[in-house]
Amino acid sequence: IQRSTFTQLINQIGPYLKKEDTILRAAIPVDKRIACALYLLGTTSELRRIGHLFGIGKSSAVCVLHDFCSVIVEIYFYRLIL
14 IQRSTFTQLI NQIGPYLKKE DTILRAAIPV DKRIACALYL LGTTSELRRI
64 GHLFGIGKSS AVCVLHDFCS VIVEIYFYRL IL
């Protein structure tokens, strides 16, 4: 994926994926969330390996992927499908 496409994706769906920091932990940045989700969708790597690559837990990687796919369906379903 080209950097310009990735930046456009961040600008379009980033606000929907942004999480707030808490007292206990810092939120995963939007660009890392999108990159992780795209990597998960584009490879057959194990969650443990992808979590290690992005510095997050495997359960966080699953949550990132679920959030990303939900936002994509919510935003683009009616725009592209119907």
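In this note's numbering, the protein residues as written are 14 to 95. Just so it is clear, CB atoms sit at the ideal spot from N, CA and C, and this is done for glycine as well.
For Val84, the CB contacts under 8 Å within the same chain, skipping 5 residues up- and downstream, are Ile26, Tyr29, Leu30 in chain order. Under the three-state reduction of DSSP output, Glu87 falls in the helix class. Ranked by Cα distance from His79, the options Asp34, Arg61, Leu51, His65 are led by Leu51.
Separation of the CB atoms of Leu60 and Val75 is rounded to 6 Å, and the pair is thereby assigned contact status at 8 Å. Cα atoms of Gln15 and Ala39: separation of roughly 28 Å, rounded to the nearest angstrom.
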